[in-house]
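Colleague: This is the structure I have questions about; it appears just below.
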Amino acid sequence: MPPEAMSKCCFEALAASSRSSDLNPTKLMADLGNVIEIREAMEWMWPTLTPEHLIHDLFGSKALLKSAARNIFAEAEILKLYRERSDHASSVIWTKEDAPILDEAQDALGPRSGHKEEDAIRTFGHIVVDEAQDLSPMEIGMLDRRSLNGSFTLVGDMAQATGAWAKDDWNEILNGLSSLKEPRFSYLTVGYRLPQPTMDVASRVLVGTQYESTTPNAVREHGEEPKFIKVETPARLLGSITALVRSELDEIDSGTLAVITPDQYVKPLSESFKASSIEHGLVDDGALTSQVTIVPVDLVKGLEIDIAIVIEPSEILHSATNGERSLYVALTRATRRLLILHADDLPEVLQATE
0 MPPEAMSKCC FEALAASSRS SDLNPTKLMA DLGNVIEIRE AMEWMWPTLT
50 PEHLIHDLFG SKALLKSAAR NIFAEAEILK LYRERSDHAS SVIWTKEDAP
100 ILDEAQDALG PRSGHKEEDA IRTFGHIVVD EAQDLSPMEI GMLDRRSLNG
150 SFTLVGDMAQ ATGAWAKDDW NEILNGLSSL KEPRFSYLTV GYRLPQPTMD
200 VASRVLVGTQ YESTTPNAVR EHGEEPKFIK VETPARLLGS ITALVRSELD
250 EIDSGTLAVI TPDQYVKPLS ESFKASSIEH GLVDDGALTS QVTIVPVDLV
300 KGLEIDIAIV IEPSEILHSA TNGERSLYVA LTRATRRLLI LHADDLPEVL
350 QATE
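Its first residue numbered 0, the sequence shown is counted upward by one per residue in numbering that gives the first Met the number 0.
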């Protein structure tokens, strides 16, 4: 409850408990609300919370978490939310994933007394959202609070929804928005980035899924055919990847190359590259800072690369979140050349293209 509302409730209760029937709570609040001793007592009983203090206190207390999440989460799930408390909320290093819940707390707490303009949530007449297919419910609420009139342009591809909150249908997002208008859908049918041979291979991953008909036709009709490279044994996988990267570097000049891989190969690949004096970077913030980059498949969405080497597509398909869509994303990053390297058998959907 906002501090002003809490103060009002207190003075209303005080007036109601008085023997004097004509005691006015509004006048009582005006007369006593600024008395320093009363203000200090109110602050001690109901301290003014910022969103950061509220979430810091909540996540730093197992008792508070259990109280808040009782009958909603299992105890094991509740304990996963627990974080060791810092000395003060101001010393907490918040992540981008914390932003929606902090915003939710801001909305619940309301503006602080004397900080209404500072704490007010700015609204916009129209909001454009990219990669909307992966929005969480709290992120949707965060956007909705910033909309003046429910006017949005949502851009995304359900075939590339791979996050923890991946959607299957646009209505799952629209239901969380307070739009006053009927939605209008427009579909991209033409792709400008990939050559058609690459799109043909990638689209096979979606055969038999609800996204089979959503893949665009490429404007670039011609281009290199994707190349499948079979490694004899898993023991030779790292060496084969390293040799392939070295070979490609001799040809691409200043172009970019990414090795897109299941998580477990990231560290061994980096060590193998270092041993072979291949300068490279690791993606941890969605950016490419080196000519050669090792990219976990869960972080590859949105990247555009000249040459992509996709490692073990079967593992991506069966172990990644939303496997078909994760593999589709991995196979659609290369604008010039796509190489698929594997020791395991290829997924059945790709065997016909090998």
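Even glycine gets a Cβ: it sits at the ideal position worked out from N, Cα and C.
Going residue by residue through the region 112 to 192, where are the continuous beta strand (DSSP E) segments of at least 3 residues, counting only ones entirely within it?
Modeller: You should have 126 to 128 and 151 to 153.
Colleague: Would you decide whether Gln105 is buried or exposed? Buried here means 16 or more other CB atoms lie within 10 Å of its CB.
Modeller: Flag for Gln105 reads buried.
Colleague: Excluding the 5 residues preceding and the 5 following Met198 in the sequence, name in chain order all residues of the same chain whose CB lies nearer than 6 Å to its CB.
Modeller: Once the five neighbours on either side are set aside, the close Cβ partners of Met198 are Ala217.
Colleague: Our contact map puts Met157 next to Tyr210 with C-beta atoms below 8 Å; I'd like the distance itself, whole angstroms only.
Modeller: Indeed, because the Cβ distance is near 6 Å, the residues count as touching under 8 Å.
Colleague: Taking Asn148 as the reference, which of Asp344, Glu323, Gln263 and Ser177 has the closest Cα?
Modeller: Here the closest residue by C-alpha is Ser177.
Colleague: Which residues share a DSSP beta bridge with Lys226?
Modeller: Leu338.
Colleague: Confirm, please, whether the CB-CB distance from Lys226 to Leu345 is below 7 Å.
Modeller: Result no, Cβ atoms of Leu345 and Lys226 do not sit closer than 7 Å.
Colleague: By DSSP, does Thr214 sit in helix, in strand, or in coil?
Modeller: If DSSP states are grouped into helix, strand and coil, Thr214 belongs with coil.
Colleague: Would you mind working out which of Leu205, Phe151, Gly175 and Ala107 sits nearest Arg183, comparing C-alpha positions?
Modeller: Among Leu205, Phe151, Gly175 and Ala107, the Cα nearest to that of Arg183 is on Phe151.
Colleague: Would you call Asn23 buried or exposed, if buried means 16 or more other Cβ atoms sit within 10 Å of its Cβ?
Modeller: So Asn23 ends up on the exposed side.
Colleague: Measure from the alpha carbon of Val291 to the alpha carbon of each residue in Gly280, Leu298 and Ile100, then state which is nearest.
Modeller: Cα-wise, what sits closest to Val291 is Gly280.
Colleague: Anyone know if the C-beta pair for Val294 and Ile240 falls short of 7 Å?
Modeller: Taking 7 Å as the Cβ cut-off, Val294 and Ile240 do not qualify as a contacting pair.
Colleague: By the 10 Å Cβ neighbour count, where 16 or more other Cβ atoms means buried, how is Tyr186 classified, buried or exposed?
Modeller: Burial call: exposed.
Colleague: Quickly, what does DSSP pair Gly280 with across the bridge? List them, please.
Modeller: DSSP lists Thr292 as partners of Gly280.
Colleague: Apart from the five residues on each side of it in sequence, which residues of its chain come closer than 6 Å, Cβ to Cβ, to Val128?
Modeller: Only Leu153 meet the Cβ criterion.
Colleague: Out of Glu270, Asp305 and Ser271, which has the shortest C-alpha to C-alpha gap to Ala257?
Modeller: For Ala257, the nearest C-alpha among the options comes from Asp305.
Colleague: Nearest-angstrom Cα distance between Leu268 and Glu278?
Modeller: Taking the straight line from one Cα to the other gives about 12 Å.
Colleague: Out of Glu231, Lys79, Pro196 and Ala67, state which residue places its alpha-carbon closest to the alpha-carbon of Arg336.
Modeller: When only C-alpha atoms are compared, the closest one is Pro196.
Colleague: For the beta strand (DSSP E) that contains Ile393, what are its first and last residues?
Modeller: Since the first residue shown for the chain is 0 and the last is 353, residue 393 is missing from the structure and cannot be characterised.
Colleague: What three-state label does DSSP hand Asp305 in the structure shown?
Modeller: Asp305: strand per DSSP, three-state reduction.
Colleague: CA-CA distance, Thr161 and Leu326?
Modeller: Between Thr161 and Leu326, the C-alpha separation is close to 10 Å.
Colleague: With three or more beta-carbon pairs closer than 8 Å as the criterion, would you say the region 76 to 91 touches the region 52 to 60?
Modeller: The answer is yes - the region 52 to 60 touches the region 76 to 91, with three or more Cβ pairs under 8 Å.
Colleague: So for Ile240, helix, strand or coil by DSSP?
Modeller: Correct three-state label for Ile240: helix.
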